[in-house]
Structures are given as structure tokens and as C-alpha cells.
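Numbering (this note's numbering), first residue to last: 2 to 530.
In C-alpha cells:
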């Protein structure tokens with residue numbers, strides 16, 4: 002049954018009744034559909050969500066009273082909200098889970114974002130809540146909930162003590178299969194959590210393998226640890242990928258796949274000698290492995306590409322301003338630091354798993370200091386984690402999600418152009434429109450509207466004058482425009498999404514090379530390559 006209801010902000014919307022009694026106690030409106038094939042979480046599962054709670058009606062109508070996304074007043078949550086579905090009023094972390102909340106989440110598919118209106122009897126009722134979150138009696142509530150994932154309550158220590166070793170093995174196998182399902186769906190964070198728990202079930206918490214099943218349990222642990230490393234590599238978190246590989250090598254001796262996974266991580270870190278050493282060890286253990294041979298060839302190409310990019314960049318920096326710089330517009334030529342003192346950063350670009358080269362970007366920090374600082378910090382990756390997904394605030398490992406008259410990237414949250422977060426938290430205002438989209442190679446903020454800048458950006462591949470005054474140009478490609486052209490040639494679908502993965506393998510600040518005074522010959526002599 003559908004109901005037209007004021008959501009507390011003055012907007013009347015259509016909601017669907019999802020209460021078992023069909024009494025209108027919990028009304029639902031889908032904001033973003035989830036995955037109907039995976040479906041809804043079964044009862045008894047521990048669900049992982051984010052939510053925001055608002056009052057509906059009265060003098061506080063529309064006011065937020067609770068959130069899982071950081072701090073509200075003096076009350077703060079630091080992580081996702083989790084609770085066991087179907088067990089209403091169970092204290093899971095920091096409060097009671099109200100009955101309407103469980104009914105709401107039971108109705109959701111994985112990945113869904115939905116809005117719910119809860120009548121008082123399905124919320125905090127006649128008593129209200131005097132502690133945190135503070136809710137007055139008979140309050141009508143509105144929740145916006147996003148369902149990320151769910152899992153069995155297998156980490157409950159008391160329950161593990163009650164299980165036999167055979168039951169723990171069975172649960173580990175089932176949990177590992179769940180992890181693999183998430184991995185195939187590119188849900189690497191969810192897969193990581195499950196691989197970690199599956200390994201712990203048959204390796205920790207006092208586990209003793211039954212007679213005759215020792216090798217099977219060892220295989221589960223090794224497989225889960227190396228799959229963890231694989232997920233970290235997929236996420237571009239190469240340092241973290243090293244740890245499970247080293248655990249396998251320390252505890253179980255020489256394992257070819259452990260050397261291979263660690264080599265992949267070293268390759269992502271551009272530690273080519275370490276990658277080569279591990280691949281050679283892996284090849285000796287499994288000489289017939291095609292995967293290892295291909296990675297050795299990939300390593301050779303990466304080394305050659307890195308050397309080519311490095312030499313080319315140093316050569317251009319020694320020569321000073323290139324001929325393209327002399328053709329820039331008067332506003333850009335008038336920027337302070339035109340002779341090379343503006344901050345620079347780089348993207349190492351990978352297409353379909355192959356390193357193709359490096360793009361060096363110059364940022365107009367003199368005119369747009371806040372925008373430039375945000376971009377530099379996201380390149381450095383040292384400003385913490387996203388409040389919603391807990392993913393690091395960094396471009397490293399993120400993909401370009403759209404290629405049309407430019408390369409669009411910067412969504413390291415969801416990877417599809419819907420995620421946006423600055424280092425300042427949320428979005429920030431436009432600093433001004435000092436420069437134009439009048440040529441290729443301009444770096445601009447891909448904001449959803451005025452004063453809505455976050456992490457997303459684009460690099461132009463043609464003049465785009467219709468964007469002037471709408472998007473903030475804050476930098477330019479200094480070197481590596483040929484790499485942007487390569488990216489532009491990648492096939493795309495009907496929505497301009499690249500069909501091959503184009504991603505930022507690594508990124509960071511670039512130290513500016515300042516040529517010494519004197520002749521060009523003397524300058525080149527002083528530079529060490």
C-alpha cells in the first residue's frame with residue numbers, strides 16, 4: 002500500500018508500507034536501488050549500514066538527531082553501524098536497535114539506499130530516549146539508510162567456544178565462498194573482511210584441526226591470506242598486500258603464489274628489484290606457470306616505461322618552459338610562479354594492467370590555494386579516511402570512470418562518478434573562475450553544481466568553453482599529454498564508461514627541478530639521472 006507523506010522538510014513524497022501488519026508504521030521510499038539478484042539479508046545476519054536520522058513534525062521537524070557518519074553535537078560514532086537482524090532491541094554497539102529499524106533493513110537489497118518514515122510505536126515510543134541519541138517521547142522519525150553488506154555472527158567468541166572443530170571448518174569454507182562471491186562482484190572491502198574471518202576460524206581462537214584434516218585447514222588459511230593480498234592489490238593498497246604474503250612465507254615456507262602476490266604489490270609500489278626477485282623465486286617453484294611468465298614480461302615493460310618517463314621528464318624540466326607554454330593565454334601567463342615555482346604532482350597511469358606512463362600536473366595554487374591543496378593532499382593520501390566507506394582519501398588505485406572530451410576521475414569512493422569527498426570533509430565552495438577551458442590539458446573540478454567541489458576532476462582533451470564559469474580550472478598538464486591521448490583512445494560504452502580499466506596506479510607530489518644559472522650545457526652536466 003502506498004502513502005503520500007510529508008517527510009518533515011515540507012516535501013510530500015510517495016512511500017510504500019513495509020510493515021508485516023500493513024499498519025503504516027514503517028514507510029519506505031527507494032532512493033537508489035540495490036542488487037536484486039543478491040537480494041535481502043537473512044534473519045540472524047549482522048548487517049553493516051550507514052544511516053542518518055531526522056525528526057518528522059513538531060518544532061524540531063527536519064532536524065538531525067542521529068548519524069553513523071561521524072560526530073553530531075558531542076556524540077560520535079567512528080565506524081559503520083552493525084546489528085544482528087531480527088533481534089530487535091539488542092544492544093550491539095552503542096544503543097538499542099528500535100523495531101522499525103530492523104523492519105526497514107529487512108526490506109532492503111544489498112547496496113540499496115532508502116528513506117523510511119517510522120511512527121512512534123516503531124521508534125522510541127512513549128518513553129523516548131533520554132541518553133544518546135536524544136529523542137523526545139512519541140517522536141515520528143525519518144531515517145535514510147544505506148545497506149552495504151551482511152555476514153553471519155561468526156566472530157562471536159562465545160558461539161565459537163560452543164562449536165566443534167568440524168563445525169568451524171564448515172563455517173570457514175562457507176565464509177570463504179561468501180568472500181569469493183563479493184570479490185567477483187568487485188566488493189573488495191567486503192571480501193577482505195570475510196577472508197580474514199574465514200582464516201581466523203581455522204587458525205585462531207584455540208582451533209585444533211581434527212585428525213586427517215590438517216592439510217585441508219592449512220590450505221584454507223593460505224588461500225584466504227593470499228586472497229586478502231589479491232584484494233589489497235586490487236584496491237591499490239600495496240603496502241597492506243605485503244603483510245598476508247609475508248605471513249604465508251613465514252609460517253608455511255616457500256609458496257609460489259605468495260611470491261607472485263608480493264611481487265604484484267612491489268610492482269604497484271614501483272619497487273622493481275624486489276618484484277623481480279620474488280617473480281624469479283615464484284618461477285623456480287612453478288616453471289610452467291603462464292601467469293608468472295606474463296608478470297615477468299609486464300615487469301620488464303614497466304621498468305622500461307618508468308625509465309623512459311623519468312628521462313623525458315627530467316629533460317623537459319632542464320629545458321625550462323616548453324613551446325606549448327609560450328602559447329598559453331595571457332591570464333595563465335600572468336599567474337605567479339609561471340617560471341616553475343607552482344606546486345606539481347603526478348599520476349602514474351595504468352591501462353588494462355599495463356603501466357603506460359606518467360602525467361605531471363601543475364597547480365595554480367597562487368590563485369586557488371584551497372582547491373590546489375585539496376588536490377595535492379589527495380595525491381599524497383595522508384589525510385585519513387572517507388567518513389562513509391572508511392576508504393583512504395587518496396587518488397591512488399582509483400579509476401577514470403568517464404572519457405568524453407576529457408578524462409574524468411577522482412571518485413575513489415564508489416568508482417562510478419557518484420562518490421565525492423574533499424580533504425575538508427564533504428564539499429567546498431568555488432574559489433573563482435580565473436582560467437578557462439580553452440585548450441586541451443586543462444585540469445578542472447568536476448563538481449555536481451556550483452560550490453560543490455570534492456575529489457572529482459577532469460582533464461580536457463579539447464576546448465570546452467561552455468564549461469567556463471561553471472567548473473573551476475585549477476591546473477594544467479605540464480608533461481604527459483600523450484598519456485591523456487592514450488586514455489582517450491580506450492573504447493567506451495554508450496555512457497562513455499571505459500570498457501578497459503584506466504586507473505591511477507600511483508600518485509604524489511613532484512619535486513620541482515630548478516635549473517642552475519649558466520649555459521644549458523652546464524645545466525645538463527650538473528643533473529644526475
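Ideal Cβ placement from N, Cα and C applies to all residues, glycine included.
- Can you tell me whether residue 373 is buried or exposed, with buried defined as 16 or more other CB within 10 angstroms of its CB? Taking the chain shown and counting its residues from 1, the one referred to as residue 373 is at position 372. So residue 373 ends up on the buried side.
- Proximity winner among 168, 249 and 348, relative to residue 398 (alpha-carbon distances): The sequence position of residue 398 within the chain shown is 397, counting from 1. Residue 398 has its Cα closest to that of 348, out of 168, 249 and 348.
- Between residue 25 and the rest of its own chain, which residues show a CB-CB distance below 8 Å, the 5 nearest in sequence each way excluded? In the chain shown, counting from the first residue as 1, residue 25 sits at position 24. Excluding residues within five positions, the ones whose Cβ falls inside 8 Å are 2, 4, 18 and 120.
- Query: How many Å lie between residue 367 and residue 375 at the Cα?
  - Reply: Counted from its first residue, the chain shown places residue 367 at position 366. Counted from its first residue, the chain shown places residue 375 at position 374. Answer to the nearest angstrom: the Cα atoms are 14 Å apart.
- When you compare only the Cα positions, how much space is there between residue 181 and residue 192? Within the chain shown, numbered from 1, the residue matching residue 181 stands at position 180. Within the chain shown, numbered from 1, the residue matching residue 192 stands at position 191. Those two C-alpha atoms are separated by around 7 Å.
- Message: Per the DSSP calculation, residue 476 is bridged to which residue(s)?
- Response: What you label residue 476 is simply residue 475 of the chain shown in a count that begins at 1. Answer is 364 and 444.
- Unbroken stretches of the alpha helix (DSSP H), 4 residues or longer, contained in the segment 98-127: 100-107
- Item | Beta-carbon proximity of residue 123 to residue 20, cut-off 9 Å | Within the chain shown, numbered from 1, the residue matching residue 123 stands at position 122. Within the chain shown, numbered from 1, the residue matching residue 20 stands at position 19. In this structure, residue 20 lies closer than 9 Å to residue 123 by Cβ.
- Query: Mind checking residue 320: buried by the 16 CB within 10 Å criterion, or exposed?
  - Reply: Position 319 of the chain shown, counted from the start, is the residue given in the question as residue 320. Unreliable placement is indicated for residue 320, whose pLDDT of 49 sits below 50; the coordinate value is still reported in the next sentence. Burial call: exposed.
- Based on Cα-Cα distance, which residue from 200, 346 and 99 lies nearest to residue 510? Taking the chain shown and counting its residues from 1, one reaches residue 510 at position 509. The residue with the shortest Cα to Cα distance from residue 510 is 346.
- Item | Residue nearest to residue 483 in terms of C-alpha spacing, selected from 442, 166 and 46 | Locating residue 483 in the chain shown gives position 482, where the first residue counts as 1. If we check each option's Cα against that of residue 483, 442 comes out closest.
- Message: Just to confirm the assignment, what range does the alpha helix (DSSP H) spanning residue 232 have?
- Response: The residue given as residue 232 occupies position 231 in the chain shown. Taken as a continuous stretch (DSSP letters only), the alpha helix (DSSP H) holding residue 232 covers 215-235.
- residue 377, DSSP secondary structure in three states: Within the chain shown, numbered from 1, the residue matching residue 377 stands at position 376. Helix, per DSSP.
- For residue 28, which residues does DSSP report across the bridge? Numbered from its first residue, the chain shown carries residue 28 at position 27. In the DSSP output, where bridge partners are listed per residue, residue 28 has 18 and 118.
- Query: Do residue 409 and residue 459 come within 9 Å of each other at the CB atom, strictly closer than that value?
  - Reply: As a first step, residue 459 must be located in the chain shown, where it is residue number 458. As a first step, residue 409 must be located in the chain shown, where it is residue number 408. It is a contact, given that the beta carbons lie within the stated cut-off.
- Message: What ranges does the alpha helix (DSSP H) occupy inside the segment 267-294, keeping only unbroken runs of at least 4 residues that lie completely in it?
- Response: 273-286
- Where the beta strand (DSSP E) containing residue 137 begins and where it ends: For the purposes of this step, residue 137 is taken as the residue at position 136 of the chain shown. No beta strand (DSSP E) contains residue 137, which DSSP labels as neither H nor E.
- Mind the definition here: the segment 422-434 touches the segment 486-496 only if three or more C-beta pairs lie below 8 Å; say whether that holds. no
- Message: For residue 136, count the other beta carbons within 10 Å of its own beta carbon; 16 or more makes it buried, fewer makes it exposed. Which is it?
- Response: The count along the chain shown starts at 1 and reaches residue 136 at position 135. Buried.
- Message: If you reduce the DSSP assignment to three classes, tell me which class residue 265 lands in.
- Response: On the chain shown, residue 265 is found 264 positions in, with the first residue counted as 1. Of the three classes helix, strand and coil, the one that applies to residue 265 here is helix, per DSSP.
- Looking at the structure shown, is residue 146 part of a helix, part of a strand, or coil, going by DSSP? Within the chain shown, numbered from 1, the residue matching residue 146 stands at position 145. Correct three-state label for residue 146: strand.
- Query: residue 304 by DSSP, collapsed to three states: which one?
  - Reply: The residue labelled residue 304 in the question sits at position 303 within the chain shown. Here residue 304 sits in helix by DSSP.
- Query: Near residue 163, what residues of its chain come up, given a Cβ to Cβ distance below 8 Å and the 5 sequence neighbours on each side ignored?
  - Reply: Taking the chain shown and counting its residues from 1, one reaches residue 163 at position 162. Taken in chain order, the list of residues that qualify is empty.
- Excluding the 5 residues preceding and the 5 following residue 454 in the sequence, name in chain order all residues of the same chain whose CB lies nearer than 6 Å to its CB. In the chain shown, the residue the question calls residue 454 occupies position 453. Only 428, 429, 446 and 448 meet the Cβ criterion.
- Simplified DSSP assignment, three categories, for residue 491: Start at 1 with the first residue of the chain shown, and residue 491 comes out as number 490. Note: residue 491 maps to coil in three-state DSSP.
- Same chain, Cβ closer than 7 Å to residue 125, neighbours up to 5 away in sequence not counted: The sequence position of residue 125 within the chain shown is 124, counting from 1. Correct list, in chain order: 99, 136 and 140.
- With distances taken Cα to Cα, identify the nearest neighbour of residue 286 among 273, 266, 254 and 355. In the chain shown, the residue the question calls residue 286 occupies position 285. Comparing Cα positions, the closest option is 254.
- Taking the alpha-carbon positions, what's the residue 111 to residue 82 distance? Start at 1 with the first residue of the chain shown, and residue 111 comes out as number 110. Start at 1 with the first residue of the chain shown, and residue 82 comes out as number 81. Near 15 Å, if we compare the C-alpha coordinates of residue 82 and residue 111.
- Item | Beta-carbon contacts of residue 245 that lie in its chain and below 6 Å, excluding the five residues immediately before and after | Taking the first residue of the chain shown as 1, we reach residue 245 at position 244. 226, 229 and 230, listed in sequence order.
- Message: Can you tell me whether residue 337 is buried or exposed? The criterion is at least 16 other CB atoms within 10 Å of its CB, across all chains shown.
- Response: As a working note, residue 337 is residue 336 in the chain shown. With a pLDDT of only 38 at residue 337, under 50, the local geometry of the prediction cannot be trusted, and no value is derived from it.
- What are the boundary residues of the beta strand (DSSP E) that includes residue 507? To locate residue 507, count along the chain shown from 1; it is residue 506. Unbroken beta strand (DSSP E) run through residue 507: 503-511.
- Message: Need the endpoints of the beta strand (DSSP E) that residue 82 sits in, please.
- Response: Sequence index remark: in the chain shown, residue 82 carries index 81 (1-based). First-last of the beta strand (DSSP E) with residue 82: 82-85.
- Name the DSSP beta bridge partners of residue 130, please? Locating residue 130 in the chain shown gives position 129, counting from the first residue. The partner list for residue 130 (beta bridge, DSSP) reads 136.
- Using the C-alpha atoms, what's the distance from residue 303 back to residue 478? Here the question's residue 478 lines up with position 477 in the chain shown. Here the question's residue 303 lines up with position 302 in the chain shown. Using only the alpha carbons, I get a separation of about 22 Å.
- Message: Our contact map puts residue 444 next to residue 362 with C-beta atoms below 8 Å; I'd like the distance itself, whole angstroms only.
- Response: By 1-based counting over the chain shown, the position of residue 444 is 443. By 1-based counting over the chain shown, the position of residue 362 is 361. Contact flag correct, Cβ pair sits at about 6 Å.
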